[in-house]
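J.: Everything in the sequence shown is counted per this note's numbering, starting at 433 for the first residue and increasing by one. Sending over a structure as structure tokens; questions will come in a sec.
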Amino acid sequence: MKKISKKISAIISMILSSVFFVSCNLLPNTNEPSNQPSGSGDGEVTLWSASTAETVLLDKSIEEYASIRKEAAINVSMAKNEYEGAQFFLTADKKVSSYDIEVGELKTSDGEVFPAENIDVYSYKYITVTRNVASHRKIGTGLYPDAILPFETTKKYEENTIEEGNNQGIYIRFYVPSECESGTYTGSVKVTYDGKTEYVPVTLNVWDLEISEENHLQTLFLVGWKWKEGEQNATEEKYYDYVEMLSEYRLSPYFLMTDDVRDVLSDDYWDRYAQVVYEYTTNPKNSCYALNYVSRDSYNFDTAEFEEMLITLAEKSFETNFNVLTKAVAHFNSLIDEATMQNKLDQTIAVTDSFREVRISASEKIRANKSAYAAEYGVTEEYVEELASTVENLKHLFVANYDEEYSPYIDADETGSGIWCPNVWEFQEPTNVDNYINNLQIDWWYGCGGFARDIPCYQLDEYTLSPRIMSWQQMYYGITGNLYWGVDFYCDWGARPDNFYDQNASVGGANGDGWLCYPGAPYELDMPVATRRLEAIRDGMEEYEMLLEMKNLYAEIAQTNGMVENSFDELYNYLTKDLFSEIHIISNADSFDYARNLMAQLLLLAKSDAQICVQDIAISSSSISGGIFVKNGYTLNCEAGELTSTALGNGKLYTFEFSLDNFVNNFLFTIPELENNNTFTLLSKGKAIFYAPSETTLAEFTDGYAKITKALVSSNEIDGGYLTESLIKINVAATNGKLQTFNMASELFNNVNENTSAIKFMIYNGSGKVQNMAIEVKYSKDSVISRLTSVQLQTGWNEITLDGLDVKKWSSLGQISYLQFVFGESVIQPSVDNIYFGGYYVTYLK
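Below you can see the structure in the form of structure tokens.
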């Protein structure tokens, strides 16, 4: 693994030379690696592959993976300066006593070489999961792949064996340097086992794109829980190994020096801290860090120490002519973390007042010495003022869900220092989203736990698309900051595993929560061992950089040519329609691969001389339509039919509308004047069938916790009528002490499965006001009711779509028993009258 800075190591060595640390032998080392049973074997192996989005358990039968199993091959497409991986499996028909994996260089057809040194090989370490959170039962219990152990270490500890019937996963990771030529590279991976040899073909497609070295997402992933116990090493140098590992994954560690060694360090602590901060912040991958602070007591922080730190960091900025505070944020996690849930209003007031006072005091002292600083460090007084302003306007993250009682002390700060940072779960409710995004204009959220189905999280028994797609959702919501409570929580509450690599902590039942890496010490490794989840997090963050580049490029093209300003937003809604529905992830591997490849292709076309810019994509139940901008000198064709073009700015806007006649509809567009990368395909899955209101449909609606009255009525009851003669009118009685729900059970739901992509309800809100409504589902094999979508029913007609039905694990969920409609957000709700159901569409894939 790369080191982020040679100078950092020197700094840490300096720190070590001036301070006495606790002995490395904090606890007896009971964490020796667990070797699989050794012995002779005459192994027979089935080689196969699956998308990295899929999780294949070690101890499940290969037959259980028939739907995702592919021929053994590695096919990866990626940009320059990007990491991307692929996985394949060795399923042992008989015990394998030894196997080996070797990679070599790849080549293009014209002889360009992709060196083997940019290909890393890992074997999966498997973690025992004995129970799942109710919302995470998609995969079940068993031995989960999590840690990715360097394969040379696997061999060193003689763990390169496979028991009969097991599926051993191999992870191959590529890194494409910036100087690499784009093109298609091919080669193979050599697999040997018990004297036999096989080859897995490799195809690496390098796009002519480059991931920004600068990281535009901010993160705070807390290190500091149990790294000492895991590593049997309490030194600051070992702590920085965790900092460096996170930096490689584009993540920031909260504090850059451990926050529990302040009392034993010398008086020049803040000077040495400032040097560490400088080295860290000059790396463009490192976009954020949390300011260290010293707790005065359990109630507040030491403002004198904090002010000394701020002034020292400002002086380091003068010395280096680099503002080290632009990436800083405060988070008083040990004092007012989740304060609204712990009733810490008085303490919140005290801490925020102290933070305001110390910023103002430090900035005034910097301004008072403006001339002296300018003369001593050879900087301009304008630059000194910039630092004073940076200090005065530092932000602190208030990690809590919104509570209006706290609002005056967070929102009303005259310097705007408070930032609400709610839990990701909060985005299930549309009223919360409206408040956070449109009212409070937050740009941070945080993760802790993960107990709601399909909400993005970092649990190890969730599919790896969950942490990866989270970054795509951040683009959707405009969230640029992501805080996560723990990286190294190597224990359950009050306990620790006997072997870190056999048992992963299940904090509150959430497997792997707060545990994103494994200690390196049991394998004599200098660095912590990463996980599949960390790989997925970085993959998503790299894709965010491509999306951001596309968004900015679309904005430039739009401004130059008089296009609609939100053209990227329209495209993004199409691009992600099969990835997530609001905060709920609905994607599978195929949907994600299509979206990722289309994103890359459209970015290439936008960067081309033709300046292709796709906008206004709309999909109805029967057609797809949109507009595509093409610069003058280039033309656009589509094999599906004629396009209409009109002059626009420096080019033409081609518009189209095609009917959706097939179960899978592909529309291939071509720009013939471009020599390379001159095509892209828009895809719409499914054929929609409409089911009109009828007496049969009327009988499908029944009471839930609320009583309903229902009737089949003429569509003339509503303004403007409707496309059918009849509607189902429902009045929902008030509730007091129970949620306001009613149910719908239909025989048609028995046929909803992987061959069904969506159900779309046509609902008319005649109540006279906006209504908050959710649709939840009870599956026949599931013990819990799961939320599918939350919406605000506007007055008049609404189209409510339940997407992603084709990617659900129906074999484990069973059939839909019933849908539950939930009005309001509390157990005391007034009656809701005049809700009309105008039928629904079911979109079938075959």
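No residue lacks a Cβ here, since even glycine has one placed at the ideal position from N, Cα and C.
Quick one: what's got a C-beta closer than 6 Å to V454's C-beta in the same chain, skipping five residues either side?
T.: Caution applies to V454, whose pLDDT of 30 falls short of 50 and renders its modelled position unreliable; the value that the coordinates give is listed next. A666.
J.: If we require 4 or more residues per run, which alpha helix (DSSP H) segments fall completely within the stretch 507-592?
T.: Counting only runs of 4 or more, we get 583-588.
J.: How do the stretch 1066-1086 and the stretch 999-1018 stand: do at least 3 beta-carbon pairs fall below 8 Å, yes or no?
T.: Touching, no, given that fewer than three Cβ pairs across the two stretches are closer than 8 Å.
J.: Identify whether G972 lies in helix, strand or coil by the three-state DSSP scheme.
T.: Helix.
J.: Flag this pair as yes or no: are the beta carbons of S481 and F521 separated by less than 8 Å?
T.: The answer is yes: Cβ separation under 8 Å.
J.: Q1033 lies in the alpha helix (DSSP H); which residues open and close that run?
T.: 1021-1039 is the extent of the alpha helix (DSSP H) around Q1033.
J.: Put T690 into one of helix, strand or coil per three-state DSSP.
T.: It is coil, neither helix nor strand.
J.: I'd like the span of the beta strand (DSSP E) that includes T1102, first residue to last.
T.: 1096-1102 is the span of the beta strand (DSSP E), which, as asked, contains T1102.
J.: Using CA atoms only, rank isn't needed, just tell me which of G1228, Q1252, D920 is closest to Y1211.
T.: Checking every option, the nearest Cα to that of Y1211 belongs to Q1252.
J.: Whole angstroms is fine: what's the gap from E1231's alpha carbon to Q1224's?
T.: So the two alpha carbons sit approximately 11 Å from each other.
J.: How would you write the range of the beta strand (DSSP E) that M1176 sits in, first residue to last?
T.: Note, M1176: beta strand (DSSP E), 1172-1176.
J.: Given a cut-off of 8 Å on the beta-carbon distance, is the pair Y1250 and N1175 in contact?
T.: Yes. Within cutoff.
J.: Quick check on the burial criterion: 16 or more other C-beta atoms within 10 angstroms. Buried or exposed for S821?
T.: With fewer than 16 Cβ atoms within 10 Å of its Cβ, S821 is classed as exposed.
J.: Contact check, P609 vs K512 under 8 Å by CB: the rounded distance?
T.: That belief holds up - the Cβ atoms of P609 and K512 are roughly 7 Å apart, short of 8 Å.
J.: Given a cut-off of 8 Å, decide if I1018 and T399 are closer than it, judged by their beta-carbon atoms.
T.: Shown here, the chain extends from 433 to 1278; a query on residue 399 therefore has no answer.
J.: Given this structure, state the Cα-to-Cα distance separating Y756 from Q664, to the nearest angstrom.
T.: According to the sequence displayed, residue 756 carries Val and not Tyr. Rounded to whole angstroms, V756 to Q664 spans 32 Å at the Cα level.
J.: Going along the chain, which residues of its own chain have a beta-carbon closer than 6 Å to the beta-carbon of T784, five neighbours each way excluded?
T.: Counting only Cβ-Cβ distances below 6 Å, and skipping sequence neighbours, we find Y841.
J.: For G662, which of helix, strand or coil comes out of DSSP?
T.: G662: helix per DSSP, three-state reduction.
J.: Relative to the C-alpha of V1280, which residue among F750, Y497, S730, E534 is closest?
T.: The chain is shown from 433 up to 1278; residue 1280 falls before or after that span and cannot be answered.
J.: According to DSSP, which residues form a beta bridge with V790?
T.: DSSP, once it has assigned bridges, lists no residue as partnering V790.
J.: Which partner residues of T635 appear in the DSSP bridge assignment?
T.: Beta-bridge pairing links T635 to N507, T618.
J.: On a CA-only basis, which of Y674, D1010, E642, K527 is nearest D626? Give me that one, please.
T.: Among Y674, D1010, E642, K527, the Cα nearest to that of D626 belongs to K527.
J.: Do you know how far the Cα of T772 is from the Cα of V565?
T.: Cα to Cα, V565 sits roughly 25 Å from T772.
J.: To the nearest angstrom, report how far apart L458 and K658 are at their CA atoms.
T.: Reliability fails at L458, whose pLDDT of 31 lies under 50, so the model's placement of it is uncertain and no value is given.
J.: Using C-beta distances below 7 Å, list every residue in its chain close to P582, excluding the 5 sequence neighbours before and after it, in chain order.
T.: Hits under 7 Å: Y554.
J.: Do L1034 and V1046 have their C-beta atoms within less than 8 Å of each other?
T.: In contact: L1034 and V1046 (Cβ atoms closer than 8 Å).
J.: Can you check which of these residues, F787, V488, T478, is closest to E894 by C-alpha distance?
T.: Here the closest residue by C-alpha is V488.
J.: Which residue marks the beginning of the beta strand (DSSP E) containing F1000, and which one marks its end?
T.: F1000 -> not in any beta strand (DSSP E); alpha helix (DSSP H) instead, spanning 999-1007.
J.: Where do the N-terminal and C-terminal ends of the beta strand (DSSP E) with S1077 fall, by residue?
T.: Its beta strand (DSSP E) spans residues 1076-1080.
J.: Tell me which same chain residues have a C-beta within less than 6 Å of the C-beta of I743, skipping the five on either side of it?
T.: Cβ within range, chain order: A794.
J.: Among the candidates D578, K827, Y531, Q600, whose CA atom is the shortest distance from the CA of D491?
T.: Comparing Cα positions, the closest option is Q600.
J.: Taking just the CA atoms, how far does W917 sit from G941?
T.: Each residue's alpha carbon lies about 16 Å from the other.
J.: Is it right to say V623 is buried, meaning 16 or more other beta carbons lie within 10 angstroms of its own, or is it exposed?
T.: Classification for V623: buried.
J.: I1260 to A1165, Cα distance in whole Å?
T.: Whole-angstrom Cα-Cα distance: 11 Å.
J.: What residue range does the beta strand (DSSP E) around F738 cover?
T.: Where F738 is concerned, there is no enclosing beta strand (DSSP E), although the alpha helix (DSSP H) it sits in stretches over 735-752.
J.: Which residue marks the beginning of the alpha helix (DSSP H) containing R605, and which one marks its end?
T.: That residue, R605, is in no alpha helix (DSSP H); its beta strand (DSSP E) goes 599-608.
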